[in-house]
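Trainee:
Number of protein chains: 2
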Amino acid sequence: MDRLSLYRSLARPAESRILYYVVDGIGGLPRTPGGQTELEAANTPTFDRLANEGSTGLATPVVPGVAVGSGPGHLALFGFDPTETTVGRGVLAALGVGFDLRPGDVAARINFCTLDTDGNVTDRRAGRIGSELGAALAERLDDIDLGGPVDCIVRHVKEYRACVVFRGGELGGSVADTDPQATGVPPLEPCPHDEMSEPTAVLATEFIAQASAALADQEQANAILLRGFDIFAPLPSFADLYGVKPAAVAAYPMYRGVARLVGMSVFDAEDTIDSRVDLTGAALEHHDFVFVHYKATDSRGEDGDFDAKVEQIELADRSLAALLELGFDVVMVTGDHSTPATYRAHSWHPVPVLVWGPHCRVNGVAAGFGETACLSGALGSLRSMDILPLTLAHAGRVGKFGA
Amino acid sequence: MDRLSLYRSLARPAESRILYYVVDGIGGLPRTPGGQTELEAANTPTFDRLANEGSTGLATPVVPGVAVGSGPGHLALFGFDPTETTVGRGVLAALGVGFDLRPGDVAARINFCTLDTDGNVTDRRAGRIGSELGAALAERLDDIDLGGPVDCIVRHVKEYRACVVFRGGELGGSVADTDPQATGVPPLEPCPHDEMSEPTAVLATEFIAQASAALADQEQANAILLRGFDIFAPLPSFADLYGVKPAAVAAYPMYRGVARLVGMSVFDAEDTIDSRVDLTGAALEHHDFVFVHYKATDSRGEDGDFDAKVEQIELADRSLAALLELGFDVVMVTGDHSTPATYRAHSWHPVPVLVWGPHCRVNGVAAGFGETACLSGALGSLRSMDILPLTLAHAGRVGKFGA
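Residue numbers (my numbering), protein chains in the order written: chain A, 119 to 521; chain B, 119 to 521.
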């Protein structure tokens with residue numbers, strides 16, 4: 119029996135309330151060898167108390183040595199193996215802007231770009247045009263008519279980024295990126311990887327041509343590059359797999375998108391403690407599993423700003439203290455990946471994780487929540503996809519396997 | 119190459135003698151956060167010495183967050199992946215009473231139960247009738263004649279439990295339980311899950327009807343419930359897979375059954391140190407791998423009696439000291455799962471494991487045998503199915519892979 123079928127077959131109803139708190143990019147590195155990480159340097163009384171009363175560990179997002187993006191990082195935290203369950207960037211982008219994808223839709227990411235008179239790419243991000251212009255240009259592309267049964271729907275994402283959805287045909291979703299990942303060369307053709315995707319490639323070619331025409335008056339954003347084609351197929355829902363009533367409280371489109379993909383009810387939070395607490399409280403009226411996403415830790419890590427990341431971790435800790443007043447039986451805290459400020463990017467390092475609730479084993483040291491303390495935590499080394507089943511077990515929601 | 123084929127291809131003969139000591143449900147939890155578990159509270163000089171001289175670790179029975187039954191728990195300790203190698207409760211029950219199952223036999227568990235005049239279940243265990251009456255009633259059912267080529271053979275297990283084997287046809291083993299898992303409702307129909315199992319369901323229906331007639335004079339045990347249908351297919355034998363001559367010393371039918379399933383010679387022990395030692399000594403005359411099962415630790419955990427479980431762990435430790443006098447080269451100690459007294463049931467928590475013999479790595483701390491000490495053990499976090507190959511390696515019985 120495969121892993122998810124096993125967990126589905128063992129799902130057991132319970133009254134317990136679960137807080138699944140994802141502090142994006144929480145894992146880090148010391149500034150100097152042997153020093154403290156961002157999490158260790160931060161003053162985090164609530165994380166520390168839950169770590170000492172609960173069980174901690176270190177989670178590898180997907181496989182050792184590999185940094186993950188937000189999509190696979192969250193799929194793992196939702197119990198999926200992201201090497202088996204893949205979701206294209208186009209689909210994530212469309213879900214992230216709240217677009218109501220339907221099964222069979224094919225989505226792709228759009229980057230506005232600059233081509234020279236020879237048709238070579240001179241800027242893959244069109245001089246990083248702002249969101250106002252990007253939105254206006256995306257609206258132009260939304261007017262494109264491909265002249266057949268297939269609609270193309272364009273939505274702006276942010277700055278020079280947008281997404282397109284092809285809807286209405288029997289389309290495959292396996293088409294190569296047109297982004298050449300270099301300048302001084304022309305965009306690539308949208309080549310189909312299988313027979314089903316040949317009509318998609320034809321439509322994409324036509325769409326690109328019409329886009330160039332519609333953008334001809336622009337100096338910077340005079341063309342587009344497409345990447346991350348994928349067909350939308352909803353994943354098994356969280357409720358169906360695990361028997362919980364799941365909600366998501368998130369301030370950023372990407373995380374709302376990945377939550378929608380697994381059937382969570384989504385509450386659009388603002389990036390404040392009050393908004394998070396209010397919406398989590400509202401979610402608890404009809405849900406018993408609340409995924410709360412905290413973004414700014416990751417952003418400060420990507421900025422390379424160690425001190426600002428420490429500050430955000432402290433805010434995330436205070437935010438958790440406020441959330442706990444709502445009353446939860448089981449609390450999980452981790453990140454979808456590490457984002458060390460010294461590395462300025464998502465990294466492959468295992469992510470600190472704590473599970474607090476009934477029936478916790480004792481950690482080897484009671485040194486709060488930090489990368490080094492987690493090394494001797496009672497959860498040991500685990501894979502991120504195992505965090506959810508462990509959390510559900512503490513909540514009394516996983517039955518026994520076999521007699 | 120699959121995992122078991124790999125190990126089979128590497129099996130290497132040796133003269134070493136191995137004691138594989140399974141202390142059922144040995145893993146536990148502290149009574150209060152940060153406190154000692156049953157194993158840590160127990161005075162266990164022999165476990166502690168072997169742990170400090172050997173290597174320890176923590177084993178996950180099947181997958182994180184999932185508690186296992188005794189069947190899959192032991193299959194994992196015998197090197198199988200229990201999500202791939204599944205054995206129904208009926209087959210285990212029949213093997214457990216020493217019934218000589220043949221390939222193609224279909225077995226199911228029987229519970230005697232009480233039905234009211236409307237045919238609703240009022241007691242799923244027939245008032246827990248004693249073994250004497252249970253045995254007499256099982257004999258009555260053994261006389262049932264289904265009137266075709268298929269025999270049904272009934273054997274008593276214990277108290278209100280028995281098992282039935284259907285033999286002689288081309289039968290499938292995939293039939294739903296008739297136990298409704300509730301009172302005040304009638305038993306379920308034995309529905310077939312596939313075409314092959316349709317004749318089995320017809321036979322089961324006829325068997326249930328005849329059983330009701332045969333039990334009509336009983337006030338309590340006036341009907342039966344069937345569960346755990348499965349067809350018997352022998353597993354690859356232990357001897358064939360690993361090149362050892364295996365024996366089992368166990369006092370309870372279930373553990374004898376799972377040992378027979380993998381081709382062990384079974385010695386029926388009583389639940390005393392003397393019986394265990396005598397039979398292990400006898401086993402060693404013609405065998406070099408002895409699986410000894412210690413049951414009462416699990417029972418006291420399920421009772422929720424922390425102190426009584428501590429006492430049983432101490433007895434298991436003394437039992438091991440006596441067994442060691444027989445002379446072994448390699449000793450393994452673990453459980454098939456954890457059964458914390460505070461949880462009163464099999465739990466998902468990893469199980470302490472120790473391997474003692476030549477070539478042991480040193481643990482991080484020399485703090486004896488306990489859940490927290492095992493966190494920094496030299497074996498690390500492992501899966502229960504990996505314990506056997508590690509044990510065999512220390513016994514010089516696993517060859518090199520590749521040149």
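C-beta atoms are modelled at their ideal positions from N, C-alpha and C, and glycine is treated no differently.
#1: If you follow the beta strand (DSSP E) that residue 229(A) is part of, which residue opens it and which one closes it?
#2: Given 8 Å as the limit, is there contact between the region 267-281 of chain B and the region 350-368 of chain B, that is, 3 or more CB pairs closer than that?
#3: What residue ranges within the region 342-407 of chain A form continuous beta strand (DSSP E) runs of no fewer than 3 residues, ordered along the chain?
#4: Excluding the 5 residues flanking residue 372(A) on each side, which residues of the same chain have their C-beta closer than 6 Å to its C-beta?
#5: Taking residue 151(B) as the query, report the chain A residues whose CB atoms sit under 9 Å from its CB, ordered along the chain.
#6: Using a Cβ-Cβ cut-off of less than 8 Å, give me the residues of the region 248-279 of chain A that come near chain B, in sequence order.
#7: Roughly how many angstroms separate the alpha carbons of residue 484(A) and residue 159(A), rounded to a whole number?
#8: Whose C-alpha, out of 177(B), 164(B), 137(B), is nearest the C-alpha of residue 143(B)?
#9: Do you know whose CA, among 469(A), 521(A), 511(A), lies nearest residue 141(A)'s CA?
#10: For a quick check, are the C-beta atoms of residue 357(B) and residue 384(B) less than 8 Å apart?
#11: Could I get the ranges of all uninterrupted beta strand (DSSP E) runs contained in the region 245-298 of chain A, with 3 residues as the minimum, in chain order?
#12: Which residue wins for smallest C-alpha separation from residue 174(B), given the options 506(B), 473(B), 521(B)?
#13: At least one CB of chain A closer than 8 Å to the CB of residue 203(B): is that the case?
#14: With 16 as the cutoff for other CB atoms within 10 Å, does residue 331(B) come out buried or exposed?
#15: Between the C-alpha atoms of residue 466(B) and residue 518(A), what's the straight-line distance to the nearest angstrom?
#16: Verify the CB distance criterion: does residue 507(B) have a CB-CB separation below 8 Å to chain A?
#17: Which ranges does the beta strand (DSSP E) cover as unbroken runs of at least 3 residues, wholly within the region 419-454 of chain B, from first to last along the chain?
#18: Candidates 398(A), 308(A), 221(A), 122(A): which alpha carbon is nearest residue 342(A)'s?
#19: Name the chain B residues that come within less than 7 Å of residue 525(A), Cβ to Cβ?
#20: Roughly how many angstroms separate the alpha carbons of residue 400(B) and residue 493(B), rounded to a whole number?
#21: Any contact of the region 160-168 of chain B with the region 454-463 of chain B, i.e. 3+ C-beta pairs under 8 Å?
#22: How would you list, in chain order, the residues of chain A whose beta-carbon sits under 8 Å from the beta-carbon of residue 403(B)?
#23: Closest to residue 505(A) by C-alpha separation, out of 413(A), 448(A), 387(A), would be which residue?
#24: Any residues in the region 495-506 of chain B with a beta carbon nearer than 9 Å to a beta carbon of chain A? Which ones, in chain order?
#25: With distance defined between alpha-carbon atoms, name the residue in 137(A), 337(A), 321(A), 225(A) nearest to residue 264(A).
#26: If you drop the 5 nearest sequence neighbours on each side, which residues of the same chain put their C-beta closer than 6 Å to that of residue 170(B)?
#27: Under the DSSP definition of a beta bridge, which residues are partnered with residue 174(A)?
#28: Are residue 403(B) and residue 161(B) close, meaning C-beta to C-beta below 8 Å?
#29: How would you label residue 489(B), buried or exposed, when you count the other beta carbons within 10 angstroms and need 16 or more for buried?
#30: Can you give me the C-alpha to C-alpha distance between residue 238(B) and residue 411(B), rounded to a whole angstrom?
#31: By the criterion of Cβ-Cβ separation under 8 Å, what are the contact partners of residue 193(A) in chain B?
#32: Please classify residue 301(B) as buried or exposed, where buried requires at least 16 neighbouring CB atoms within 10 angstroms.
#33: For residue 190(B), name the three-state secondary structure that DSSP assigns.
#34: Need the endpoints of the beta strand (DSSP E) that residue 126(A) sits in, please.
#35: So is residue 193(A) buried or exposed if we call it buried at 16+ other beta carbons inside 10 Å?
#36: DSSP three-state label for residue 236(B), please.
Mentor: To lay it out plainly:
#1: In the DSSP assignment, residue 229(A) falls within the unbroken beta strand (DSSP E) covering 224-233.
#2: No: fewer than three Cβ pairs fall under 8 Å.
#3: If we require 3 residues or more, the beta strand (DSSP E) runs fully inside the region 342-407 of chain A come out as 364-368, 383-386.
#4: 188, 214.
#5: One finds 170, 171, 172, 478, 480 in chain A with Cβ atoms closer than 9 Å to the Cβ of residue 151(B), taken in chain order.
#6: If you check each beta-carbon in the region 248-279 of chain A against every beta-carbon of chain B, none falls closer than 8 Å.
#7: Rounded to whole angstroms, residue 484(A) to residue 159(A) spans 16 Å at the Cα level.
#8: Closest option to residue 143(B), judged by alpha-carbon separation, among 177(B), 164(B), 137(B): 177(B).
#9: Distance check between residue 141(A) and each of 469(A), 521(A), 511(A) places 469(A) closest, using alpha-carbon atoms only.
#10: No. Outside cutoff.
#11: Uninterrupted beta strand (DSSP E) stretches at least 3 residues long and entirely within the region 245-298 of chain A occur at 269-276, 279-285, given in chain order.
#12: The shortest C-alpha to C-alpha distance from residue 174(B) to any of 506(B), 473(B), 521(B) is the one to 473(B).
#13: No - not a single Cβ of chain A is within 8 Å of the one on residue 203(B).
#14: By the C-beta density criterion, residue 331(B) is exposed, having fewer than 16 other C-beta atoms within 10 angstroms.
#15: Between residue 466(B) and residue 518(A), the C-alpha separation is close to 9 Å.
#16: Cβ-Cβ to chain A under 8 Å: no for residue 507(B).
#17: The DSSP assignment places complete beta strand (DSSP E) segments of no fewer than 3 residues inside the region 419-454 of chain B at 448-452, in order along the chain.
#18: Among 398(A), 308(A), 221(A), 122(A), the Cα nearest to that of residue 342(A) belongs to 308(A).
#19: The shown model of chain A, from 119 to 521, leaves out residue 525(A), and the question about it has no answer.
#20: Distance between the alpha carbons of residue 400(B) and residue 493(B): 36 Å.
#21: With fewer than three CB-CB distances shorter than 8 Å, the region 160-168 of chain B does not count as touching the region 454-463 of chain B.
#22: Within chain A, no residue comes near residue 403(B); the closest Cβ sits about 34 Å away, beyond 8 Å.
#23: If we check each option's Cα against that of residue 505(A), 448(A) comes out closest.
#24: From the region 495-506 of chain B, only 498, 499 have a Cβ closer than 9 Å to chain A.
#25: Comparing Cα positions, the closest option is 321(A).
#26: Taken in chain order, the residues that qualify are 484.
#27: DSSP, once it has assigned bridges, lists 472(A) as partnering residue 174(A).
#28: Contact: no.
#29: That one is buried.
#30: Rounded to whole angstroms, the separation of the alpha carbons of residue 411(B) and residue 238(B) is 39 Å.
#31: Neighbours of residue 193(A) in chain B, taken as residues at a C-beta separation under 8 Å, are lacking, since the least C-beta distance is about 17 Å.
#32: Residue 301(B) sits exposed, since fewer than 16 C-beta atoms from the chains shown fall within 10 Å of its C-beta.
#33: Note: residue 190(B) maps to helix in three-state DSSP.
#34: No beta strand (DSSP E) holds residue 126(A); the alpha helix (DSSP H) holding it covers 121-128.
#35: Around the Cβ of residue 193(A), a 10 Å sphere holds 16 or more other Cβ atoms; the residue is buried.
#36: Three-state result, residue 236(B): coil.
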